[in-house]
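*Asks:* Take this structure first; my questions come after.
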Amino acid sequence: MASTRRELAALIEQGAIPPGQVGQAVALSGLHPSGRAWGLFVDRLLLWLGTLALVFAVMFLVAYNWSEMPRWLRFGLVQVALVAAIAVYCWAEGRGVVKRMVARAALTAATLLLGVLLALFGQVYQTGADPWQLFCIWALLMLPWALVARFDALWVLWLGLLNLSVALYFRTWSGAFGPFFIGDAAALWGLFVLNTSALVVWELGARRWRWLSAGWATCLLALGSGVPVTLLVLAWLFDERSGFSAAALVYPAWLAVLYVVYRYWRADLFMLAGGCLSVIVVVTAWIGRYFMRQGDPGGLLVLAMAVLGMGAMAVIWLKRLHREMSA
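In structure tokens, the structure reads:
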């Protein structure tokens, strides 16, 4: 659809379509969704909203009636719902496009109910486990389902659980990794390594398996890679006690790889725009650090001019790239 929109816009700009016939051309191009497309969208939206509502209804039912429910009833209710979701998946899988969507929703519900069951187990028996262990075990137990389903949203959920596990683990045990990884920096390094590795694997896998080619998933992974490394550089800039940091070497290398991959290997304007935003944030922080040391009120004007200038240059460059990609 994006390609059709670009082609139609190019024809209108070149004057190939008369102004009086633009509306008819847009209608014939199929850019506007039909009634059937709207019906399909509403049907899938209600399916997913209903799935989430049922999962949260089970969770809140147990939580609200905690004192009135015996232990066996709490576990039985969650386990029955979990088995029912798996049964729906087994029934719907391989029965056409519509039933495949039902199967994916059912398996997603089973995955969420698995987390509810693990949380219930930890609350009832007071195992004393660290919070990161809950999310790690949840991710390990749902991994076979993610492998079987071949569903991008389920893999993103799995990676989200791993992100929580890594962040909580490093914040709990960062002292075990020596003076180079202290406090939140350890969690940020862990998230950067995890999400960057996942992004590389996802991009390579998308060349072979079509179901991995969803653009929104790679955008989320890129954010998961770019945000931690940017925060690491900012922390190094504003920490006056720190000397050299590995982020000073990793960050330029990350930017260079991002540019080469998403400029020449697989052109992606979102990724390049994210890199520009990261550079603007880091450079602004570096300039702000200097003027905050000097205590000059005019530094705010310099910061504003720097942000406007870098933003304008980024917009001009991205627009030029957009025209090249659309050609």
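When the count follows UniProt numbering, it moves up by one through the sequence shown with no breaks and lands on 327 for the last residue. Note that beta-carbon positions come from the ideal geometry of N, C-alpha and C, so glycine has one too.
1. Buried or exposed: which applies to Arg104, given that a residue is buried once 16 or more other Cβ atoms fall within 10 Å of its Cβ?
2. In angstroms, rounded to a whole number, what distance separates the CA positions of Leu194 and Trp236?
3. Who are the near neighbours of Ala109 in its chain, counting only those whose CB is closer than 7 Å to its CB and skipping five residues on each side?
4. Rounded to whole angstroms, what's the CA-CA distance from Leu212 to Gly205? Just pull it up for me.
5. By DSSP, does Phe121 sit in helix, in strand, or in coil?
6. Cutting at 6 Å between CB atoms, please list the residues of its own chain near Ala247, excluding the five before and the five after it.
7. With DSSP collapsed to three states, give me the class of Pro131.
8. Between Glu324 and Leu77, what straight-line distance do the alpha-carbon atoms span, to the nearest angstrom?
9. Just to confirm the assignment: which complete alpha helix (DSSP H) runs, minimum length 4, are found wholly within the stretch 180-214?
10. With a threshold of 16 other CB atoms inside 10 Å of the CB of Glu68, please say whether the residue is buried or exposed.
11. Taking the CB atoms as reference points, tell me whether Tyr251 and Val229 lie closer together than 7 Å.
12. Please classify Gly215 as buried or exposed, where buried requires at least 16 other C-beta atoms within 10 Å of its C-beta.
13. In chain order, what residues of the same chain lie with their CB nearer than 7 Å to the CB of His322, ignoring the 5 residues before and after it?
14. How many angstroms separate the CA atom of Arg301 from the CA atom of Val279?
15. From Gly178 to Phe121, what distance separates their C-alpha atoms?
16. According to DSSP, simplified to helix, strand and coil, what is Ile17?
17. Rounded to whole angstroms, what is the Cα-Cα separation between Glu203 and Ala146?
18. What residue range does the alpha helix (DSSP H) around Gly298 cover?
19. By Cβ distance, which residues of its chain are closer than 7 Å to Tyr89, with the 5 residues on each side in sequence left out?
20. Which of the three DSSP states is assigned to Met69 in this structure?
21. Any idea what DSSP makes of Ala285, helix, strand or coil?
22. For the ligand SAH, any of its heavy atoms closer than 6 Å to the Cβ of Ile280?
23. Which of the three DSSP states, helix, strand or coil, is assigned to Phe56?
24. Ordered along the chain, which non-local residues of its own chain (more than five positions away) have a Cβ less than 6 Å from that of Ala149?
25. Tell me the rounded alpha-carbon separation between Leu134 and Leu47.
26. Using the Cβ count rule (16 or more neighbours within 10 Å means buried), how would you classify Asp152?
27. Measuring only the C-alpha atoms, how far is Thr196 from Phe60?
28. Compare the C-beta of Ala256 with all C-beta atoms of chain B and state if any pair is closer than 7 Å.
29. In chain order, what residues of the same chain lie with their CB nearer than 7 Å to the CB of Met142, ignoring the 5 residues before and after it?
30. Between Arg100 and Leu154, what straight-line distance do the alpha-carbon atoms span, to the nearest angstrom?
*Replies:* Per the coordinate set shown:
1. buried
2. 21 Å
3. The residues are Thr51, Leu54, Val55, Ala85.
4. 7 Å
5. helix
6. Leaving aside the five residues that flank Ala247 on each side, the residues in its chain whose CB is nearer than 6 Å to its CB run, in chain order, Leu232, Val233, Trp236.
7. Collapsing the DSSP output to three states places Pro131 in a helix.
8. 57 Å
9. 184-206
10. exposed
11. yes
12. exposed
13. Leu269
14. The question names Arg, yet the displayed sequence has Leu at residue 301. Each residue's alpha carbon lies about 19 Å from the other.
15. Here the model assigns Gly178 a pLDDT of 44, short of 50, so the residue's position is not dependable, and the following value carries that caveat. Their backbone Cα atoms lie some 34 Å apart in a straight line.
16. coil
17. 17 Å
18. Counting along the chain, Gly298 falls outside any alpha helix (DSSP H), and DSSP gives it neither H nor E.
19. Close CB contacts of Tyr89 within its chain, under the 7 Å cut and outside five residues either way in sequence, are with Ala103, Ala106, Leu107, Ala110 (chain order).
20. coil
21. helix
22. Judged by which ligands are present, the structure shown has none, so any question about the ligand SAH falls away.
23. helix
24. Leu107
25. 28 Å
26. buried
27. 36 Å
28. Among the protein chains of the structure shown there is no chain B, as only one such chain exists.
29. Thr111, Leu114, Trp158
30. Pairing Arg100 with Leu154, the inter-Cα distance amounts to about 14 Å.
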